[in-house]
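The sequence shown runs 1 to 167 under UniProt numbering.
Every residue gets a Cβ at the ideal spot worked out from N, C-alpha and C, and that includes glycine.
First the structure, in the form of structure tokens, and then the observations on it.
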Amino acid sequence: MTRGLGNGGHGTQARTGYSPASTPSKQGRGTPKQEKLRRGKHATPSPAQRILFRHKSPNTTKCVYVLDTNVLMHDPSALFRFKEHDVFFAQKVLEELDDNKKGLTEVARNTRQTLRFLDMLTKDKTRTDILSGIPLVPPEHLARELSPTGKIFFETGAHGRAGSQDV
């Protein structure tokens with residue numbers, strides 16, 4: 001067994017460049033320096049995380065749901081089925097709804113209905129209203145069976161996505 005290589009028993013360091021400063025941390029996410037940079041002031045939460053952190057308190061079980069486009073394309077009233085919870089719309093979902101509104105299929109009709117619901121919710125709302133969340137008030141024909149108390153949030157440029165436009 002050739003261990004020493006003349007460096008006091010540290011043959012591994014001499015051959016592989018191993019040193020304690022460059023070892024991965026216990027979590028396996030990289031070196032301690034890399035983790036410090038990852039957790040430092042440069043780490044920015046996603047828009048959904050910002051909204052979630054804003055609502056997180058020990059006394060409430062309120063959740064933020066990020067809806068997938070397919071949910072709304074197959075059931076437009078799903079938007080109002082989250083009771084006391086909040087709903088977050090990513091910019092990509094709005095783009096996909098817009099792309100799929102044309103045609104005579106049931107999916108296209110449902111997509112148009114979803115967009116009408118969103119128009120109804122955002123009508124006469126200011127930028128401040130949109131950023132602070134719009135109450136999920138269902139249309140009259142759904143109000144009897146659905147009575148949500150949550151809010152709807154949209155991913156906008158103010159929520160941290162570079163290049164996105166406000167709703």
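Item to complete: Return the chain-ordered list of same chain residues with a C-beta closer than 8 Å to the C-beta of Lys62, the five sequence neighbours on each side being excluded.
Response: Taking the sequence shown and counting its residues from 1, the one referred to as residue 62 is at position 62. So the list reads His55, Glu84, His85, Asp86, Gly150, once near-sequence residues are dropped.
Discussion item. Considering only their Cβ atoms, is the gap separating Val64 from Phe88 smaller than 8 Å?
Written reply: Residue numbering aside, residue 88 sits at position 88 when the sequence shown is read from its first letter. Residue numbering aside, residue 64 sits at position 64 when the sequence shown is read from its first letter. Contact flag set, yes.
Discussion item. Assess contact between the stretch 109-127 and the stretch 72-81, defined as three or more Cβ pairs (one per stretch) separated by less than 8 Å. Is contact present?
Written reply: yes
Item to complete: May I have the straight-line CA-CA distance separating Pro135 from Leu97, to the nearest angstrom?
Response: One-based indexing of the sequence shown puts residue 135 at position 135. One-based indexing of the sequence shown puts residue 97 at position 97. Taking the straight line from one Cα to the other gives about 21 Å.
Item to complete: Give me the Cβ distance between Lys123 and Arg112, rounded to the nearest whole Å; I'm assuming they're in contact under 8 Å.
Response: Along the sequence shown, one-based indexing puts residue 123 at 123. Along the sequence shown, one-based indexing puts residue 112 at 112. The Cβ separation is near 16 Å, so there is no contact.
Worksheet item: Which of helix, strand or coil does DSSP assign to Phe154?
Response: Locating residue 154 in the sequence shown gives position 154, counting from the first residue. Note: Phe154 maps to strand in three-state DSSP.
Worksheet item: In the structure shown, what three-state DSSP assignment does Pro76 receive?
Response: Stepping through the sequence shown from its first residue, residue 76 is reached at position 76. The answer is helix: DSSP assigns Pro76 an H, G or I state.
Worksheet item: So, helix, strand or coil for Asp124, using DSSP?
Response: Position 124 of the sequence shown holds residue 124. DSSP places Asp124 in coil when its eight states are reduced to three.
Worksheet item: If we ignore side chains and look at the alpha-carbon of each, how far apart do Arg127 and Asp99 end up?
Response: As a first step, residue 127 must be located in the sequence shown, where it is residue number 127. As a first step, residue 99 must be located in the sequence shown, where it is residue number 99. Spanning the two alpha carbons is a distance of roughly 24 Å.
Worksheet item: When the Cα of Ile130 is compared with those of Leu67, Thr69, Val66, Phe154, which residue comes out closest?
Response: Here the question's residue 130 lines up with position 130 in the sequence shown. Comparing Cα-Cα distances from Ile130 to each of Leu67, Thr69, Val66, Phe154, the minimum goes to Phe154.
Fill in: Nonlocal neighbours in the same chain, by C-beta distance under 6 Å from Val93, ignoring five residues either side
The sequence position of residue 93 within the sequence shown is 93, counting from 1. Excluding residues within five positions, the ones whose Cβ falls inside 6 Å are Thr69.
Item to complete: Classify Val71 as helix, strand or coil using the three-state DSSP reduction.
Response: Residue numbering aside, residue 71 sits at position 71 when the sequence shown is read from its first letter. Helix.
Discussion item. So for Phe88, helix, strand or coil by DSSP?
Written reply: Taking the first residue of the sequence shown as 1, we reach residue 88 at position 88. Strand at Phe88.
Worksheet item: Where does Val66 fall in DSSP's three states?
Response: Within the sequence shown, residue 66 is the residue found at index 66, counting from 1. Looking at Val66 - three-state DSSP - the assignment turns out to be strand.
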